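Under the numbering used here, think of the first position of the sequence shown as 1310, with each following residue one higher.
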Amino acid sequence: MSDDTTGPERGTDGTDGEENRARTDGGEERSRSEGRRAVPDGGTGVALDPWGSATVDDYRDLFEEFGIEEFESIIDEVPEPHYLMRRGVIFGHRDYGAVARALANDEPAAALSGFMPTGDPHIGHKLVFDELIYHQEQGADTYGLIADLEAHSARGMTWAEIDEHARDYLLSLLALGFDPEEGELYRQSTNRRLQDLAFELGSNARFAEFESIYGFDGETSVSHMQSVVTQMADILYPQLDEPKPTVIPVGPDQDPHVRFSRDIARKSRYFKVTEAFASPEFDAAERVLVRRAHDEREAWAEDPETPRCGDAADWLRAAEVDSEFETARAGAVEKLENAGMEPLRPRTRFLDRNASEAAFEALIEAVPGEKRVFEGHVDAFDLDRDEAEELAREVEVDNGGFGFHTPSSIYHRFMTGLTGGKMSSSIEASHISLLDDPEEGYDKVKSATTGGRETAEKQRELGGKADECPVYELYAYLLAGDDDDFAERVYEECVGGERLCGDCKEQAATLMEEFLAEHQEKRAEAEELLADLDIDLDVDGSRRGIPGDEE
């Protein structure tokens, strides 16, 4: 989940290049009830790889293939949503509702993202910077990290190169408004708490998972695998002192890291909380059928107040179920038959995953009201699921566990390169560095590809193709700022034929020049602030045990 900027691989910075993806052409959609223009989808096919050169051509496929949810479905729960959310630039999420609810209720929450220092920070990185700063302003504990171990192990960057680029990333983040007194900035290589956490989490990671998730094989270095475990620790690091809902703002190519971290977080928990109906343990699909049997008990039970498992088995054997549940039906029927005359009665179950004997005994003691204690699990009859989850977490933390909340994520679209293809740090004209001279930024925008027609006459007649225009993206992602009306007006004037590309690029180029000039001034002001931070930015390869890397 760390940003990347150069080379044939990519990170999460919001650029589309050999390092990042930015396909947004074709199609259209509207964001929220206001009908504001969302950045469009396009193309077909999906492949997610945190270091490779795969593409994300159709963001909608991510919803079906990887279980990413549409952000539009949850935006009404978000307090003061950022303009990137309102405009559909942030298009997807995993479990962001937990973070949104915490922020809305002034409860603890956190946000974290990382940056791989392999080149200059650029306008794509600004997406992540802005997302972190937004969450900090909303009251979340916010963390920005330099993924130097990943840069060294996965990219072969020297520590001197890493130190140089790390400084530039942090200066831009501070210049854009990150408050280091209200958040934390760190680099992986010098954070001992992080490394200790990574060591602990590594006990729950298996090589088979590295193979299936990342395609690692016998040629993959151990340090590369270790850097992945370190990223899992990064994602869970905000919860070391206190478990809390945590969001990781990333590009969709980093979703493998998010999914792996969610799995690691679950494996690290002492207890798993599930719904149950009898002493047997049903899997998720079987529970769907057993819940249905309980809900329809009036139709088959001699005494609906005390339905029996054996009778439920007879009913379920003859019930009509979808073909996808046939295997689950066989398992559920067998378990219900084995339970026989035991009452079919809903309850909340605590399963012992990794708890010590003392922690399990503490849980038994803490469960209020009616309960049943079995070897390896406890059934509670007077707790709902949310109450049980909170109780399990409290007992875990009190007995030396982490009590992690499963981390959440939000996903932003990648920016198209100014040359119309990939935005790549290796293609100078395709991107704008946050270190560019303002006049250079102006010139790059003036030279950018557009979605305009062949002639001004056709533009006026047919309208421009804003959905395919890198310059319009600059307005939507950056130049319009928080002014949705301005972004919408640019779009409508373009597709309506009122706005011609020359004037549009002149306006965008001027705004970009102004942004870069202001950013350079704020970077200079941030120098003193950065110098006062407790973060090592001096080249010193010897302290890392790397002879000869001090140059």
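All residues carry an ideal CB built from backbone N, CA and C; glycine is no exception. What you are looking at is a predicted structure, and each value in this text was computed from that prediction instead of being measured.
query: To the nearest whole angstrom, what separates the beta carbons of Phe1723 and Val1687, a pair I think is in contact under 8 Å?
result: Working through the sequence shown from its first residue, we reach residue 1723 at position 414. Working through the sequence shown from its first residue, we reach residue 1687 at position 378. In fact, because the Cβ distance is near 47 Å, the residues do not count as touching under 8 Å.
task: Following the continuous alpha helix (DSSP H) through Asp1505, name the residue where it begins and the one where it ends.
output: On the sequence shown, position 196 is the one that residue 1505 refers to. That run of the alpha helix (DSSP H) goes Arg1501 to Gly1511.
- prompt: Would you say the region 1647 to 1664 touches the region 1683 to 1701, given that touching needs at least three Cβ pairs under 8 Å?
  reply: yes
task: Quick one: residues in its chain with C-beta nearer than 6 Å to the C-beta of Asp1457, no 5 flanking neighbours on either side, listed in chain order?
output: For the purposes of this step, residue 1457 is taken as the residue at position 148 of the sequence shown. Once the five neighbours on either side are set aside, the close Cβ partners of Asp1457 are Ile1471, Arg1496, Gln1497 and Ser1498.
message: Alpha carbons only, please: which of His1461, Leu1441, Tyr1478 and Ala1628 is nearest the one belonging to Leu1839?
response: Taking the first residue of the sequence shown as position 1, residue 1839 is located at position 530. Of His1461, Leu1441, Tyr1478 and Ala1628, the residue nearest in Cα terms is Tyr1478.
- request: Give me the Cβ distance between Lys1720 and Ile1377, rounded to the nearest whole Å; I'm assuming they're in contact under 8 Å.
  value: To locate residue 1720, count along the sequence shown from 1; it is residue 411. To locate residue 1377, count along the sequence shown from 1; it is residue 68. At residue 1720 the sequence reads Tyr, which differs from the Lys that was named. Yes, Tyr1720 and Ile1377 are in contact; Cβ-Cβ is about 6 Å, under 8 Å.
- request: Please report how far the alpha carbon of Glu1629 lies from the alpha carbon of Glu1635, in whole angstroms.
  value: Here residue 1629 refers to the residue found at position 320 of the sequence shown. Here residue 1635 refers to the residue found at position 326 of the sequence shown. Rounded to the nearest angstrom, the two C-alpha atoms are 10 Å apart.
message: For Ala1281, tell me which candidate among Ile1736, Glu1763 and Pro1652 has the shortest Cα-Cα distance.
response: Past the edges of the chain, shown from 1310 to 1860, lies residue 1281, and the structure says nothing about it.
- prompt: Cα separation between Val1704 and Ala1675?
  reply: As a working mapping, residue 1704 is identified with position 395 in the sequence shown. As a working mapping, residue 1675 is identified with position 366 in the sequence shown. Roughly 8 Å separates the two Cα atoms.
- prompt: How should Ala1756 be labelled, buried or exposed, when 16 other C-beta atoms within 10 angstroms of its C-beta is the threshold for buried?
  reply: Along the sequence shown, read from residue 1 onward, the residue named residue 1756 stands at position 447. In the sequence as displayed, the identity of residue 1756 is Ser instead of Ala. Under this definition Ser1756 is an exposed residue.
Local conformation of Val1780 per DSSP, three classes: By 1-based counting over the sequence shown, the position of residue 1780 is 471. In the structure shown, Val1780 sits in a helix (DSSP, three-state: H, G or I).
Of the listed residues Arg1808, Gly1619 and Phe1487, nearest to Ser1770 (C-alpha basis): In the sequence shown, counting from the first residue as 1, residue 1770 sits at position 461. Note on residue identity: the sequence assigns Glu, not Ser, to residue 1770. It is Arg1808 whose Cα lies nearest to the Cα of Glu1770.
query: Any idea if Val1531 is buried or exposed, counting beta-carbon neighbours within 10 angstroms, 16 or more meaning buried?
result: Looking up residue 1531 in the sequence shown gives position 222. It is exposed - the Cβ of Val1531 has fewer than 16 other Cβ atoms within 10 Å.
- prompt: Taking the alpha-carbon positions, what's the Ile1573 to Val1799 distance?
  reply: The count along the sequence shown starts at 1 and reaches residue 1573 at position 264. The count along the sequence shown starts at 1 and reaches residue 1799 at position 490. Answer to the nearest angstrom: the Cα atoms are 45 Å apart.
- prompt: At what residues does the beta strand (DSSP E) containing His1721 begin and finish?
  reply: One-based indexing of the sequence shown puts residue 1721 at position 412. Where His1721 is concerned, the enclosing beta strand (DSSP E) stretches over Ser1717 to His1721.
- prompt: Which residues mark the beginning and the end of the alpha helix (DSSP H) in which Tyr1495 is found?
  reply: Residue numbering aside, residue 1495 sits at position 186 when the sequence shown is read from its first letter. Segment Gly1492 to Arg1496 is the beta strand (DSSP E) holding Tyr1495; no alpha helix (DSSP H) there.
message: Taking a contact to mean a Cβ-Cβ separation below 9 Å, would you say Gly1710 touches Ala1667 in this structure?
response: Residue numbering aside, residue 1710 sits at position 401 when the sequence shown is read from its first letter. Residue numbering aside, residue 1667 sits at position 358 when the sequence shown is read from its first letter. No, the pair does not count as a contact, with Cβ atoms beyond the cut-off.
Nearest neighbour of Ala1765, chosen from Tyr1751, Val1804, Asp1792 and Ala1697 [CA to CA]: For the purposes of this step, residue 1765 is identified with residue 456 of the sequence shown, where counting begins at 1. Nearest C-alpha to Ala1765: Val1804.
query: Rounded to a whole number of angstroms, what is the C-alpha to C-alpha distance between Ala1627 and Arg1600?
result: To locate residue 1627, count along the sequence shown from 1; it is residue 318. To locate residue 1600, count along the sequence shown from 1; it is residue 291. About 16 Å.
Separation of Lys1753 from Asp1745, as counted between CA atoms: The count along the sequence shown starts at 1 and reaches residue 1745 at position 436. The count along the sequence shown starts at 1 and reaches residue 1753 at position 444. Each residue's alpha carbon lies about 10 Å from the other.
task: Tell me, please, which residues DSSP counts as bridged to Glu1379.
output: Walking along the sequence shown from the start, residue 1379 turns up at place 70. For Glu1379, which the question treats as bridged, DSSP gives the partners Gly1401.
Exposure of Thr1615, with buried meaning 16 or more beta-carbon neighbours within 10 Å: Counting from one through the sequence shown, the residue named residue 1615 turns up at place 306. Burial call: exposed.
field: Through-space distance from Ala1475 to Ala1460, alpha-carbon basis
entry: One-based indexing of the sequence shown puts residue 1460 at position 151. One-based indexing of the sequence shown puts residue 1475 at position 166. Rounded to the nearest angstrom, the two C-alpha atoms are 11 Å apart.
- prompt: In this structure, what does DSSP give as the bridge partners for Gly1453?
  reply: The residue given as residue 1453 occupies position 144 in the sequence shown. According to DSSP, Gly1453 bridges with Ser1422 and Leu1494.
Test item: CB-CB of Leu1441 and Ala1835 under 9 Å: Counting from 1 along the sequence shown, the entry for residue 1441 is found at position 132. Counting from 1 along the sequence shown, the entry for residue 1835 is found at position 526. Not in contact: Leu1441 and Ala1835 (Cβ atoms no closer than 9 Å).
query: Since His1686 is in the beta strand (DSSP E), which residue starts that stretch and which ends it?
result: As a position in the sequence shown, residue 1686 is number 377, starting the count at 1. Where His1686 is concerned, the enclosing beta strand (DSSP E) stretches over His1686 to Ala1689.
message: If you reduce the DSSP assignment to three classes, tell me which class Met1724 lands in.
response: Mapped onto the sequence shown, residue 1724 falls at position 415. In the structure shown, Met1724 sits in a strand (DSSP, three-state: E or B).
- prompt: For Ser1665, does the three-state DSSP call read helix, strand or coil?
  reply: Counting from 1 along the sequence shown, the entry for residue 1665 is found at position 356. The answer is coil: DSSP assigns Ser1665 none of H, G, I, E or B.
- prompt: Taking Cβ to Cβ, would you say Leu1412 is nearer than 9 Å to Gly1448?
  reply: Taking the sequence shown and counting its residues from 1, one reaches residue 1412 at position 103. Taking the sequence shown and counting its residues from 1, one reaches residue 1448 at position 139. In this structure, Gly1448 lies closer than 9 Å to Leu1412 by Cβ.
- prompt: If you draw a straight line from the alpha carbon of Asp1847 to that of Glu1473, how long is it in whole angstroms?
  reply: On the sequence shown, residue 1847 is found 538 positions in, with the first residue counted as 1. On the sequence shown, residue 1473 is found 164 positions in, with the first residue counted as 1. Those two C-alpha atoms are separated by around 9 Å.
When Lys1553, Thr1529 and Tyr1452 are compared against Asn1500, the one with the closest alpha-carbon: Looking up residue 1500 in the sequence shown gives position 191. Among Lys1553, Thr1529 and Tyr1452, the Cα nearest to that of Asn1500 belongs to Tyr1452.
- request: Would you please state the rounded distance, in angstroms, between the beta carbons of Val1567 and Val1559? I believe it to be under 8 Å.
  value: Within the sequence shown, residue 1567 is the residue found at index 258, counting from 1. Within the sequence shown, residue 1559 is the residue found at index 250, counting from 1. Confirmed, Cβ separation roughly 7 Å.
Which listed residue (Met1425, Lys1576, Glu1528 and Asp1505) has its alpha carbon closest to that of Tyr1546: Here residue 1546 refers to the residue found at position 237 when the sequence shown is read from its first residue. With distances taken between Cα atoms, Tyr1546 lies closest to Asp1505.
- prompt: So what's Asp1847 in DSSP terms, helix, strand or just coil?
  reply: Sequence index remark: in the sequence shown, residue 1847 carries index 538 (1-based). In this structure, Asp1847 counts as coil in the three-state DSSP scheme.
message: If the criterion is Cβ atoms closer than 9 Å, does the pair Asp1439 and His1391 meet it?
response: Position 130 of the sequence shown, counted from the first residue, corresponds to residue 1439. Position 82 of the sequence shown, counted from the first residue, corresponds to residue 1391. Yes, they are a contact pair.
task: Answer yes or no: do Leu1436 and Leu1393 have a C-beta to C-beta separation smaller than 9 Å?
output: Indexing the sequence shown from 1 puts residue 1436 at position 127. Indexing the sequence shown from 1 puts residue 1393 at position 84. The answer is yes: Cβ separation under 9 Å.
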